[in-house]
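For our numbering, count along the sequence shown from 1 and bump the result up by 39. The beta carbon of each residue, even a glycine, is placed where N, CA and C say it ideally should be. Keep in mind the model is a prediction, meaning the values are calculated, not measured. The next block holds one structure in the form of structure tokens; read it before the comments.
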Amino acid sequence: MSWVIEEKGYSQRRACGLIGLEPKTYRYASTRGDDAAVRVRLRGLAGERRRFGYRRLLILLRREGVTLNHKKLFRLYREERLSVRRRGGRKRALGTRAPAAVPQEPNQRWSLDFVSDTLNDGRRFRILVVVDDCTRECLALVVDTSLSGQRVARELDRIIAGRGKPLMIVSDNGTELTSHAILRWQEERAVE
């Protein structure tokens, strides 16, 4: 196109007409901003939280003040090749597994677990069990028909008010213990 304009001396409009191109298309300049800072932070967060997909990373970025459309984040996520691979079937351990280190003092590590049962009328109820791994003391038994992540966070705050904050909390990956409320609580309290 520029050859026709420079060599032949045609106007932009006439050169576009000869080629069959709309002048607006020729003059168009992209307004897409530079995403380098977002890409760097996205890679950093994906490295810290390896099993988080783009939706959860979007929530973390928005908490940091980054305003971004989910579709654009998905495009950047794909271009950076950060896609989380689907987990395969469960692998059986070969030999014996090394036991986790036993905490030496109270409030080093707490364990959370859920137990469920049914009442005579068929309704299910759940029990949240919080145990200090060093003293084997049961810190709380919370019984209810449903226990949300917010309720678990509230109960943990109640225990911390009376006993102090643990260094680490260990749990299985149940839905209540991997919810946004628990992840936010963990981040705000700086508990591993």
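For residue i, collect the residues of the same chain with a Cβ closer than 8 Å to its Cβ; drop the 5 residues on either side in sequence, then sort them by chain order.
| i | result |
| --- | --- |
| R163 | S155, D156, T157, T184 |
| M40 | A54, C55, I58, L60, Y65 |
| V105 | V77, R80 |
Leaving aside the five residues before and after residue i along the sequence, list all residues of the same chain whose C-beta is less than 7 Å from its C-beta, in chain order.
| i | result |
| --- | --- |
| S50 | none |
| R52 | P62 |
Answer with buried or exposed for residue i, where buried requires no fewer than 16 other C-beta atoms within 10 angstroms of its C-beta.
| i | result |
| --- | --- |
| G48 | exposed |
| G134 | Here G134 scores only 49 on pLDDT, less than 50, and its place in the model should not be relied on; the value that follows carries that caveat. It counts as exposed. |
| E118 | exposed |
| E194 | buried |
| R114 | exposed |
| L112 | buried |
| D211 | exposed |
| W149 | buried |
| L11 | Only positions 40 to 231 of the chain appear in the structure, and residue 11 is not among them; the question remains open. |
| W42 | exposed |
Going along the chain, which residues of its own chain have a beta-carbon closer than 6 Å to the beta-carbon of residue i, five neighbours each way excluded?
| i | result |
| --- | --- |
| L121 | A85 |
Alpha carbon to alpha carbon, how far is residue j from residue i? Give it in angstroms, no decimals.
| i | j | result |
| --- | --- | --- |
| L180 | S187 | 15 Å |
| R66 | L60 | 11 Å |
| E176 | P145 | 9 Å |
According to DSSP, what are the bridge partners of residue i?
| i | result |
| --- | --- |
| T157 | R163 |
| D152 | V168 |
| S210 | L151 |
When you compare each of the options to residue i by their alpha carbons, which one comes out closest?
| i | options | result |
| --- | --- | --- |
| I98 | A229, A220, R228 | A220 |
| R126 | R202, R90, G203 | R90 |
| V170 | P142, N159, D73 | P142 |
| I166 | V191, W149, D160, T174 | V191 |
| L107 | R124, D73, R88 | D73 |
| A200 | L178, R95, R102 | L178 |
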